[in-house]
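From first to last, the protein sequence lines are chains L and B. Going by my numbering, the first residue of the first sequence is number 315, and it counts up by one from there. Going by my numbering, the first residue of the second sequence is number 116, and it counts up by one from there. Positions of the beta carbon are idealized from the N, C-alpha and C atoms, including for glycine.
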Amino acid sequence: MKATVLVRPKGGILDPQGEAVERSLRQLGFAVGDARVGRVIDLEVDAPSAAEARVQVERMCERLLANPLIESYEIELQEQGA
Amino acid sequence: MSARRPRIAILVFPGSNDDRDAAWALSALGGEPLLVWHADAELPRVDAVVLPGGFSYGDYLRAGAIARFAPAMEAVVAFAGDGGPVLGICNGFQILCEARLLPGVLRPNASLSFVCRDVSLVVERTDTPFTARCEPGQALTIPVKHGDGCYHAPPGLPDEQVVLRYSPGENPNGSERDIAAVVNADGNVLGLMPHPEHAVDPLLGSGDGALILASLVDAARERSYEHA
Numbered sequence: 315m316k317a318t319v320l321v322r323p324k325g326g327i328l329d330p331q332g333e334a335v336e337r338s339l340r341q342l343g344f345a346v347g348d349a350r351v352g353r354v355i356d357l358e359v360d361a362p363s364a365a366e367a368r369v370q371v372e373r374m375c376e377r378l379l380a381n382p383l384i385e386s387y388e389i390e391l392q393e394q395g396a
Numbered sequence: 116m117s118a119r120r121p122r123i124a125i126l127v128f129p130g131s132n133d134d135r136d137a138a139w140a141l142s143a144l145g146g147e148p149l150l151v152w153h154a155d156a157e158l159p160r161v162d163a164v165v166l167p168g169g170f171s172y173g174d175y176l177r178a179g180a181i182a183r184f185a186p187a188m189e190a191v192v193a194f195a196g197d198g199g200p201v202l203g204i205c206n207g208f209q210i211l212c213e214a215r216l217l218p219g220v221l222r223p224n225a226s227l228s229f230v231c232r233d234v235s236l237v238v239e240r241t242d243t244p245f246t247a248r249c250e251p252g253q254a255l256t257i258p259v260k261h262g263d264g265c266y267h268a269p270p271g272l273p274d275e276q277v278v279l280r281y282s283p284g285e286n287p288n289g290s291e292r293d294i295a296a297v298v299n300a301d302g303n304v305l306g307l308m309p310h311p312e313h314a315v316d317p318l319l320g321s322g323d324g325a326l327i328l329a330s331l332v333d334a335a336r337e338r339s340y341e342h343a
């Protein structure tokens, strides 16, 4: 099972990286706003079912991959070979 | 009879780089430092613990996020739970936050620039094992050097847990409420971004960091008599 975890700074949390990216994009002439920078973590999870894989990845997020004080996360699962 | 030299553990993670500076400073101030490798599951018999500055695990994921799961950290959690004094400096502060021994989290500096300079601090509390040698409201000059020092407090963090603040206009990293050092509710675990171990000899600029580390040595010595 392939899992992709998207970790984002929570709304309202100052994101200096996002601000710097937004400034650069504007300098390049792009009309953008509200740029936020997060991170993507791709994993291969050994689990008998998608439901079980999701439970495992949620535990990973709570324990290590995200800091719940400042970050939210989303989990996407993809069956192997699908 | 000379005063007992209390034993103080300094944890060493892959990427720690201020462990030896901390050891030198604590030794100069009357302590007996012991370097403890992060993979050790137990602490030697000590009366205080220091988590030093550096870049444990390359600051991967989030600063301190991986180091908090080091085997030695379980022993540090138990030591803190028993009331033992624990001081986290810079990366050590980040690790203590990630380990939930301290509230909040440290994020990239608001400027996104690494900052390395002396800062002026104000002492907010002197009734802690880390600031007992300071005067209330005293101004200290201690250097900072970090890229991830922007303190984000959890909602409702009481002012009583703020031990040091950056002086007005001196905030080097965008920390909320100018917070430079935070103590846990029980008062025995403190984290700070400035580096007291780099300010113990006036020959190198300021000697104000010695007040923090000598307070810790005092607290450790007291604990060593209690647990003798």
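Residue range of the unbroken beta strand (DSSP E) whose run includes residue i
| i | result |
| --- | --- |
| I273/L | No answer is possible for residue 273/L: the residues shown for chain L start at 315 and end at 396. |
| A163/B | A163 to L166 |
| P121/B | No beta strand (DSSP E) contains P121/B, which DSSP labels as neither H nor E. |
| L339/L | Run containing L339/L: none in the beta strand (DSSP E); it sits in the alpha helix (DSSP H), P330 to Q341. |
| E147/B | E147 to W152 |
Which residues DSSP lists as bridging residue i, in chain order
| i | result |
| --- | --- |
| K424/B | Not covered by the structure: residue 424/B. The range shown for chain B is 116 to 343. |
| C249/B | In the DSSP output, where bridge partners are listed per residue, C249/B has none listed. |
| Q370/L | According to DSSP, Q370/L bridges with nothing at all. |
| P323/L | E385/L |
| A254/B | V237/B |
| V354/L | L320/L |
| R222/B | C265/B |
| E390/L | T318/L |
| G169/B | S131/B |
Residues that residue i contacts on chain L, provided the C-beta gap is smaller than 9 angstroms
| i | result |
| --- | --- |
| H267/B | I327, L328, L383 and I384 |
7 angstroms Cβ cut-off: residues of chain B touching residue i
| i | result |
| --- | --- |
| Q341/L | Within 7 angstroms Cβ-Cβ: nothing; Q341/L doesn't reach chain B, min ~16 angstroms. |
| A334/L | L227 |
Neighbourhood of residue i by C-beta, 6 angstroms cutoff - its chain only, sequence neighbours within 5 removed
| i | result |
| --- | --- |
| R353/L | V321 |
| A163/B | I123, P200, L331 and A335 |
| W152/B | V127 |
| P148/B | I123, I125, A138, L141 and S142 |
| G302/B | T243 |
| N206/B | G168, G169 and S171 |
| L339/L | V346 |
| L166/B | L126, G203, G207 and I210 |
Boundaries (first-last residue) of the alpha helix (DSSP H) holding residue i
| i | result |
| --- | --- |
| V201/B | Element bounds for V201/B: not the alpha helix (DSSP H) but the beta strand (DSSP E), V201 to I204. |
| R280/B | Unbroken run through R280/B is the beta strand (DSSP E), V277 to Y281; no alpha helix (DSSP H). |
| P270/B | Counting along the chain, P270/B falls outside any alpha helix (DSSP H), and DSSP gives it neither H nor E. |
| A156/B | Unbroken run through A156/B: none, as it is neither H nor E. |
| E189/B | P186 to G196 |
Neighbour list for residue i in chain L, Cβ cutoff strictly below 7 angstroms
| i | result |
| --- | --- |
| R177/B | N381 |
| A225/B | L328 and P330 |
Contacts that residue i makes with chain L (C-beta to C-beta distance below 8 angstroms)
| i | result |
| --- | --- |
| V220/B | N381, L383 and I384 |
Per-residue contacts from residue i into chain B (C-beta, under 8 angstroms)
| i | result |
| --- | --- |
| L378/L | L176, A180, I181 and F184 |
Own chain, CB closer than 8 angstroms to residue i, minus 5 neighbours either side, in chain order
| i | result |
| --- | --- |
| V192/B | A214 and L216 |
| E336/L | V346, G347, D348 and A349 |
| G289/B | N224, A225, S226 and C265 |
| V315/B | A140, A143, L144, G322, G324, A325 and L328 |
| S235/B | A254, L255, T256, Y281, S282 and E285 |
Neighbourhood of residue i by C-beta distance below 7 angstroms, restricted to the same chain and skipping five residues each side
| i | result |
| --- | --- |
| D136/B | E312 and H313 |
| E157/B | A190 |
| G146/B | R120, P121, I123, V332 and A335 |
| A329/B | L144 and R248 |
Problem set entry | Entirely enclosed beta strand (DSSP E) segments - the stretch 284 to 336 of chain B, minimum 3 residues | 294 to 298 and 304 to 307
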